[in-house]
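Structure, as C-alpha cells:
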Amino acid sequence: MTSLRPFHATDVFKFNPTNLDPLTETYDLNFYLSYLARWPHLFTIALSPSSPSNPSGQISAYIMGKLESSPSYYITSPHYLPFHAHITALTVSPSARRLGLARTLSSSLEQAGDEYDAWFVDLFVRKSNLIAQSLYKGMGYSVFRVVKGYYSDDPSDPEAEGEDAWDMRKRLKRDADGRHVRGDGERFEVMPEDVW
Amino acid sequence: MDNLQDRQDVPIWNAVEAKNYKQALKLVDKRLAKKPTDYLEAVKTYIRSLLPQASEKSAVFIHLEELVNRKSSLSDLAAIDLYEDAFEEVLPGARESWIKTIGELRWQCVKTLPKQEDICLKCFRACLDRDDLDHARQIANSLEKNFPKSHSYIFWNITSMFLFASSPQCPESQKRIWGGLSSGQIGKLAAATREATDLKQLPVRSIQTPQELLLLDRITETFGQPDQRLEYLQDLHLGPESAVAKGDWALWILKLKLMREANRWQELFDLCGTLLKRAREANDSNQLAEASFSDWIVWEAYLKSASKLESHKYYDQIRAEVEAHLDPACKIDKAWKRNASLASVKLTFASSTAFSQNHSAANGEVAELPPRLSAVVQYLQKYGDANTAYDDLRQYVEALESNERARLLIMLDANTGLERPQQPIGPSEPEAKSKSEVPKLSTADQITRAINRFKLKYLVMCSIPEHERKQSLEAKPDFKCITCKGSCGIFCQACLEKLAEESINSYQIAVNDDGQITKSLLTTDRHPADDLCVLTAMCLIKLALIDTSSVSENLSNSRTTYLLQATVLLESAWPRSKSNFQLSLMLVRLYSYFGCGSLAMRAFQRLFLKQIQLDTLSYTMFDRISSFHPHPISDSSDGPSQTRTLIEQLQKQQQLYKKSREHINKNNWLAFKHGSYNAIFEFREVTQKLSHSFSAVMSVIENNKIHRFTTNTVPASAISQMHDLIPADIDSPETTLSDNNDYETFPNYESSLAPTFEELSRFIPGPAETRYRLNLLSEKISLIVDPSPELSGEKTILEQSLKQTLDSQKQSWAASSKSGVGSKSMTRAEQLAGHAYRAMRLIITESCDQALWAKGDFKSRLEGHNSELRERLEELAGLLEEMEAVVPAFQDTLNAVYTAYEVGRTAVYFCRFLNGKGKTVYETQTEASKKIGEAAERLIQVVVEKCAVVKKGLDEGGWIDKVLESVFPESEQPGFPSALLVEAVRQVPDEVFMEEWAGEVVESWKESAAGFSYMKMPSKA
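Here's what the structure looks like:
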C-alpha cells in the first residue's frame, strides 16, 4: 500500500531502510532539521504497511524539497533562478522500488510548487544515472543544462575526478509559455560556480 | 578579539590571547579607573573566569548572581555576552544556574530596551538555545506588545507560552494558566480567520498559514475542548480545504483521524467517497491534480466507516470506487492503483463476500476459491512481481481460516494459479505442472514472484503455526505439525528443512544464470534473489534454535552446524550484493554468536554507518562489546576505516550527541524565523530522544569499560564525560531512557502477530533499560573504587550521587531482587554481577554512614550485604567452572569470562578502597572485605584458568577441518541437517571460498582469544 505523510523530525531514527542504501547519503542532523524548519510541507515520506511491531509503518521512500529563488543581487546574471521548487533528495528503499513511489512523491512536490506559484521544479542528476534520467523524462522533465564536474566523485569509475550533473526541469502552471525549460539543454554547459 | 569594542581595549585582548591574564587584569583595571563601563566590568569578570583558581571561579559566579539583583539593569548586549562566556568557563552546561543568572540578565536587558528589536531577538534566541523557556516566553510577549504589526511575534508568543506550559520547567500551578492563555489567544486568531471577508488580505491577528493551523490543532489538543479540534478542521476557513491550508496533507490526516475517533461514520464515509472520486478525476488541464487523495489512509477510513455503518450498500459503493480506480481508462499513478487493489482485498475480508464476479470470471480457477482466498490470490497474480506483495498480503493471509491457508499452501507449493491471469495455468494440466516444477528464474520479475511465493509459504508453513503452537505451549509441549503431520515442537524441523532446501535451490538457480543478471549488476545494486538466501538463513537459524542441548564441544552440535550454514550462505551472497544491508546485519549477529569479533566488525563496517545511524544501529555491534571483544581489532581486510579503534568509534558516536544539541538549537531558531511552529515541537522530541538515548548510555559505559580493560584505568575526563552525555535526571524514578535503536531494518518475514525475526534471533538478550541502568551503577562504583589518582577529585560527587539515589530505588530493588532482576534482559553472568554491584553499592553507602551505625539491625544488615556480595562472586566462579563447551569461545563464554573478570577486579579495588578509609568505615567491614577480596581473587583465578583452556584448545591444529566438517557433516544424524539440505547448501559456495572462509573464522577465534592476555590478577596495592 502507499501512504504519504509529512516527514517528522523523529523519522530520522527510522529512515535506515532508505538510507542504508549506498546511493542515499545520510547527512548530519542539521541538514534534515533545516529543511523541516524552512520547508516542512515539502519533506514527505511514503510508508509501507504497519504491523503490531511497527504500528507506524516502515519508511519506504522520501522526498526533500525546497522553494526558493536566487538572491536578488544575482538578478542580472544569466544563471539567475526565479522562484522555483527544487528536489534536494528523492530516495526509495531497495524493497519498494518499481512501485511508482518516486513518481508519486515528485508529483506531490510539483503540486506544492503550483500551490506556492513557483515557475518550475528542478533537480540535479548524475550523467551516469540513466535509470533516474529516464524516470524523470517519463514524468515530463527535460535537461535544462549540463553542470560540468558538479559531483566530486564518480561511483561507476573510482579513477575519474568527478562527474557532470544534468540540471533537469519541469515547468509548472505559472510557466505557461515554457520560458524556463529547454528542449536541447544537453547543449548548454555551465560550471559549478554558475549554479546557485 | 571577537569582543573588541574600543581600539583602546586591544592591549587587553592581546594579553588575554597570550593567556597573560594577570597583565590583562592590570590593563582592564587601569581602563576602569579612567572610565568605568558595564562592558569593561564584564571584560574583567571574563578574564577572572579564565583564571585556574577555584576561588576566582567562585567569585565570578557570586558576581553574576549579584548582577542579577542589581537595581539598574544591564543594557549592553556585548557585556551580557561576555558574562555568558564567563559563566561557561565557570559552570559549563549548568542550565539551571544559567537561567537564574544569564537568562535573567537577558530578560532584564529586553525590559530595559523593549523597542530594540535586534537585541530582543538575540536575547530570545539565547534563551531558546539554553531551553530557558520562561524567559523566552517573556521576551516573546514583549516582542508582540512592542511590535504589534508583526504577525510572526503573535505566534512566537503563543508558541513560547505553549512550550513553557508543556515543559517540566513550568510549575504545575502555572501549566493551565499559560496553556489556557496560548489556547485562548490562538482561538481568537482562528475566529478572526473564520470571520474574515477577504481571505486574500487577512488581518495581522489571524491564522494565515498551514503551520499556524497545525499549531492551533496542537494547542487545542492539549488545552482546548475535546470537540474543538474537529470543529476547526471542519471549518471552511480553517480546515484542510481552506485557502490558508494550501492543501497541506497533514491537515487531512488529522481530520480523518479525528472523525474516526469521534465515530462520525456516515460523514467520514461520505468524505472518503468524495476524496477518492476527486483523486481519479482530471481537472481542466486534464491532470489528476488530486491523485494523492487515493492515499491508503483514505481507503482505510472508507472501509472502517463502512464496517461501522453495517450495511451492504456501503460496501457496494466502495466496490464501485475500487472498480473505477482499477478501470484501465483511469490514468491514476500505479502506486494509487495498487492501493485500490489492496482495498479490494481488504473489502473482501471485511464483507466476507466475493468481491467481483467479473474479476474472477477472467480466471476460472480463482473463481472456484473461497472469496477471501480468491482475493489474496488475485492480488498475488497482479502484484506478485513487486517486492512489497508479501508485506501487503501478510495480514490477510494470517486472517484466513486454516483450511483456506491449507489450500493456499497447495497452490504455493505447486506454483499454480499465481501467475498473471493471461498466462496458462491449472494444476490439473500435466504440462503446466511440469513447468511449475522447474520455475523460470531468469528475470527480476520471475525471481521476485518466486520470493513472494516462498515468503508466503514460510508464513503459512512455519511462522503462523509456530506462533499458534507457542500460544498453547503450556497445555501441550508436543505438537503434530498441521503442515507435514509429523510430530514437532514449536519449530517443525521437517517443514523448515523442506523450505530451506527449496529456497536455497531456487537461489542457486537464480544466481547461476550465466551472468544474465549478475553481470549487469552495478556495485551499488543488490541481486534480486537475495531474499531467497535470507529466507534460507532464517530457516536455518530457526532450525538451530531447536537444539537446546548442552554439549561438551561447540562445533559438534547441530545448532552450530545450522548457524554456520546460515553464515556461509549469507557471506557467499555478499560479494554480488555488497549494498544489501540486511545480509550484513544478519552476519554481524551470527559472527557475534560465534565469538568472531573481527568478522562481526567486518560485517558491521560494511553498513557504513554515519551521523544519526550511529545512534540507531550501533547497538548491533557495540552493545556489550566490552564483554565480547574489548581489545583492539587487528583485522583490516575491509579497508582503512577498519583500523579505527573501538574507542575511536565510540567517541565518534559521542560526538554525534554533542553536535546534535548545536544542530537542534540552531534549527529551533530557524523554525521560529520561518514560522514552522510544528517543527519546533518535533525538534524537542528529537532532543528528548537523543539526550536519553539507550545508545548514548551504551557508548559511555562501553567506552569506559574498554579503556579500563586495555589500560587499567579510565581517562581523567571519564566522570565529566558521563555528566555530559548521561541525562542529569537519570536517577529519578520518573525518567525513562529512550530506545531509539532500529530493530525494524532487520529482515522480517514472520507473522505480524509473532515476535520479529530480530527478536527471535537474539542469542543473547537485547538492549534493555534495566541492564543499562545497572551498567551505569556498576560504572559509578568502578569509578569510585578506581585507584587512579586523577579521578580522586570527582569521586566524592559520585559517592554522594550513589547515596542520594539509593532511597529512591530501594523499593524497586527489593521487588526486583526477589523476582530475579533482569532475568530476561541479562545473561546469567550479568545477573550475578548485577547483584554483586548492588551489594557493593549498599556497602559503600552504608558502611561509611556513621548515622546508621547506631541502628539496632545495622551490623546484621551490613553482614547481609557482605554475604550477598561474596556469594555472588562465588556463584560466578561456579558458573565459569561448570562451563564445558568453551573451545572455541562463543559469545556466551566470552560474555561470562569478561563479565566475571570485570566484577572480580572491581571487587578487589572495592576492598582496597574501603580499607583505605580507615576508621570512617564500620569496624566489622575490614574483616568482611578480606573475605570478599579472597572470593574476588579466586574468581579472577578461575577466569584466567578458563581463558588458558580456550587458548590452549585453539592452539591445537585442525580447526579449519573441524569448521568444514561442522558446516557439511558427512553422515546424517538425528537433529542435524538432512543430506539433501547439506547438499543444497554445499552447492552455493565453491571450495576455494569455503576454505578461505573457514580459515577466517578460525583466525577470528584466535584473534578474539588474544584479548584474554589483558586479564591478570590486579597487582597488590
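In order, the protein sequence lines correspond to chains E and B.
Its first residue numbered 2, the first sequence is counted upward by one per residue in the working numbering.
Its first residue numbered 18, the second sequence is counted upward by one per residue in the working numbering.
Cβ atoms here follow ideal geometry from the backbone N, Cα and C, with glycine treated the same way.
On a predicted model such as this, the values are computed, not experimentally measured, just so you know.
Where B/Met-715 is concerned, the enclosing alpha helix (DSSP H) starts and stops at 711-728. According to the DSSP secondary-structure assignment, E/Met-169 is paired through a beta bridge with E/Leu-124 and E/Val-144. Within the region 72-87 of chain E, contact with chain B at the beta-carbon level (separation under 9 Å) is assigned to no residue.
Straight-line spacing of the CA atoms in B/Lys-162 and B/Ser-184 works out to 24 Å.
Around the beta-carbon of B/Pro-165, fewer than 16 other beta-carbon atoms lie within 10 Å, marking it exposed. Contact between B/Arg-922 and B/Ile-949 fails: their C-beta atoms lie close to 13 Å from each other, not under 8 Å. Here DSSP, grouped into helix, strand and coil, assigns E/Leu-21 to coil. Classified as exposed, B/Pro-220 has fewer than 16 neighbouring CB atoms from the shown chains inside 10 Å of its CB.
Note on geometry: alpha-carbon atoms of E/Val-93 and B/Phe-496 lie some 43 Å from one another. Here the C-alpha atom of E/Tyr-74 lies approximately 42 Å from the C-alpha atom of E/Pro-18.
Excluding its 5 nearest sequence neighbours in each direction, B/Arg-211 has C-beta neighbours in its own chain below 8 Å: Asp-252, His-254 and Leu-255, listed in chain order. Between B/Tyr-926 and the set B/Asp-149, B/Tyr-854, B/Gln-225 and B/Leu-397, the nearest pair of CA atoms involves B/Tyr-854.
The region 469-488 of chain B makes contact with the region 552-561 of chain B; the number of CB pairs closer than 8 Å reaches 3 or more. Shortest Cα-Cα distance from B/Ser-778 to any of B/Leu-607, B/His-80 and B/Gln-1004 involves B/Leu-607.
Rounded to the nearest whole angstrom, the CA to CA distance from B/Met-603 to B/Ala-208 is 56 Å. Taking a Cβ-Cβ threshold of 7 Å, none of the residues of chain B is close to E/Arg-146; the smallest such distance is about 26 Å. For E/Met-65, the uninterrupted beta strand (DSSP E) segment begins and ends at 60-69. The beta-carbon of E/Thr-19 is placed no less than 7 Å from the nearest beta-carbon of chain B. Going by DSSP, E/Arg-6 is part of the beta strand (DSSP E) stretching over 4-7. Put simply, the CB of E/Glu-69 is far from chain B, with every gap to its CB atoms at 7 Å or more.
Under a 10 Å Cβ-count criterion, B/His-329 is classified as exposed, with fewer than 16 other Cβ atoms of the shown protein chains found around its own Cβ. Within the model, the alpha-carbon separation for B/Ser-677 versus E/Glu-187 is close to 41 Å. The shortest CA-to-CA distance from B/Ala-213 to any of B/Ser-259, B/Ser-877, B/Val-999 and B/Asp-462 is the one to B/Ser-259. Of the residues assessed, B/Lys-61 falls on the buried side of the cut-off, its CB having 16 or more other CB atoms within 10 angstroms. Between E/Trp-167 and E/Lys-138, the gap from beta carbon to beta carbon reaches 7 Å or more. Cβ neighbours of B/Leu-971 within its own chain (closer than 7 Å, five residues either side excluded): Val-904, Pro-905, Trp-1022, Lys-1023 and Ala-1026. Within the region 384-410 of chain B, the residues whose Cβ lies closer than 7 Å to some Cβ of chain E are Ala-403, Asn-404, Thr-405, Asp-408 and Asp-409, listed in chain order.
The beta-carbon of E/Val-13 is placed less than 7 Å from the nearest beta-carbon of chain B.
Secondary-structure assignment with DSSP links E/Ala-86 through a beta bridge to E/Leu-68 and E/Val-122. For E/Thr-89, not one C-beta of chain B is nearer than 7 Å to its own C-beta. Of the residues B/Glu-519, B/Ser-589, B/Gln-525 and B/Thr-541, the one whose Cα lies closest to the Cα of B/Cys-556 is B/Glu-519. Spanning the alpha carbons of B/Met-843 and B/Ala-913 requires a straight line of approximately 11 Å. Shown here, E/Ala-47 sits in a strand according to DSSP, grouped into three states. Taking 7 Å as the cut-off, the beta carbon of B/Trp-115 is found no closer than this to the beta carbon of B/Gln-155.
Nearest C-alpha to B/Phe-985 among B/Met-618, B/Ser-480, B/Ala-35 and B/Tyr-579: B/Tyr-579. Chain-ordered, the chain B residues with CB closer than 8 Å to the CB of E/Gln-112 read Gly-264, Ala-306 and Ser-309.
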